[in-house]
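Position in the sequence shown counted from 1, then plus 143, gives you the working numbering. Have a look at the structure below, then the notes.
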Amino acid sequence: MFTIRHYSKRFLTRSIIFRPLSVGITNRQKTNEEFQPTINLIKEDLHLINRDILQHLGCYEEELNELAKYHFDTKGKLIRPMIICTMARSFNQQEDNFLHENQRSIATLGEMIHTASLIHDDVVDSSDRRRGKPAAANRWGPRKAVLAGDYILGIASIMLARIGNSDVISLLSRVIQDLVRGEFMQLSTKESDAEQFQDYLNKTFCKTASLFANTCKAVVLLGNLSNININQLADYAYEFGKNFGMAFQLIDDLLDVTATDDDLGKPATADLKLGLSTAPVLFASQQFPELQTLILRRFSESGDIERALELIDQSDGKARTYHLAEQYANEACRILNNFPQSLNESNRFLKFLIYLTQSTLKRRH
């Protein structure tokens, strides 16, 4: 069973000194403009991925066709396929950083699995909005939304089988398994604050970081690498994806209590409204034990959410959440230095991965 208990010990102490992110390969912060040629190439990858998704999801049943394609639009962040494609290209140096079709398929599959899970989550959570518009379940009803999510996963399974690599099939299947486990964990609340935070970290891995970790590992395994340490390199890619995913979700949970509905494209404070305790409230509860009562009853009584937000604002919960995200991002950058291509100063894709990792700490939606 996956555990990140060692991260709890390393990252959750109040006395830790939070260092600036190490850029690893370059000491100079790259700007968006400097990365523009790389960004343009990755944008082409994303365009092809979106095209592939719409083609694969085509269905003679008109309503199912519309429903399955509903959330595949420009409103999504597309950070998952962006990370996957960049990781793959960074390893394909001997082929001019060419992106293989099977590697692009992993990025396509990752986005399809992610979106299917969002459709299912919105049914479980009775969410009204997703990516700036009504959730599929809100527009078509929960039954049809569940079927659409199942349909997307079915198409993804066919695509995965066509890749024909048993190790990769296992990795992507584990992503789906983890998504279900994470959603199941979300339905209950642990009694002690220590258990609550460990449960939160495990759930965060399952619902977010697992997809980044396993897809990054998959594209390395699918690269034409002659290096005899291919499995070790794939493990490094997994560790990068895991740490990036944890940082990404921590910032997401921070934005839930700091950003507006318009910023997020969905209702703010959605987690509290669903009775969920994320890092900001769990950190705040260490200063204000009163929050434990609200956490255990899942913010179900009138005024609970407003009181929780007040206590979060009075605490250092938001700052500690950001600092924890920073530590995961710092670890992700450190791991990139283990890659042999880090020795090549001209590897723009590895540098872009560092840039994306740093940028996730600055995002506002």
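Beta carbons are placed, not taken as given, at the ideal position from N, Cα and C, and that holds for glycine. As the structure is a computational prediction, the values presented were derived from the model and not from experiment.
As assigned by DSSP and simplified to three states, the class of residue i
i      : result
Arg507 : coil
Lys276 : strand
Asp342 : helix
Leu322 : helix
Ala411 : coil
Met144 : Note that Met144 has pLDDT 31, beneath the 50 cutoff, so the model's placement of it is unreliable and the number below is only indicative. It is coil, neither helix nor strand.
Asn245 : helix
Leu365 : coil
Leu417 : coil
Asn170 : In this prediction, Asn170 has a pLDDT of 38, which is less than 50 and means its spatial position is unreliable; what the coordinates show is noted afterwards. Three-state result, Asn170: coil.
Ala402 : coil
Pro432 : coil
Gln329 : coil
Gly284 : coil
Asn374 : helix
Ser270 : coil
Gly307 : coil
Phe348 : helix
Neighbour-count burial assignment, residue i, 16 or more Cβ in a 10 Å radius
i      : result
Leu197 : exposed
Ser353 : buried
Glu469 : buried
Glu382 : buried
Glu254 : buried
Glu474 : buried
His508 : exposed
Gly307 : exposed
Asn170 : Confidence is the limiting factor: at Asn170 the pLDDT is only 38, short of 50, which leaves the residue's position unreliable and the question unanswerable from this model.
Tyr203 : exposed
Ser233 : buried
Gly292 : buried
Gln329 : buried
Ala380 : buried
Arg305 : exposed
Lys360 : buried
Gln172 : At Gln172, the pLDDT of 49 sits below 50, so the modelled position is not reliable; the number obtained from the coordinates is stated separately. The residue in question, Gln172, is exposed, as its Cβ has fewer than 16 Cβ neighbours within 10 Å.
Lys505 : exposed
Gly384 : buried
Assumed close pair residue i, residue j - CB separation to whole angstroms, cut-off 8 Å
i      : j      : result
Lys350 : Leu322 : 6 Å
Met302 : His199 : 6 Å
Leu191 : Arg273 : Not a contact, Cβ separation roughly 24 Å.
Val424 : Thr412 : About 10 Å; that fails the 8 Å criterion.
Ser420 : Ile448 : Not a contact, Cβ separation roughly 12 Å.
Ile256 : Ala299 : 6 Å
Phe492 : Thr181 : 7 Å
Only counting runs of 4 or more residues, tell me where the alpha helix (DSSP H) segments fall wholly within the stretch 176-253, in order along the chain.
-> Listed in chain order, the complete alpha helix (DSSP H) runs (minimum 4 residues) inside the stretch 176-253 are 179-199, 205-212, 222-234.
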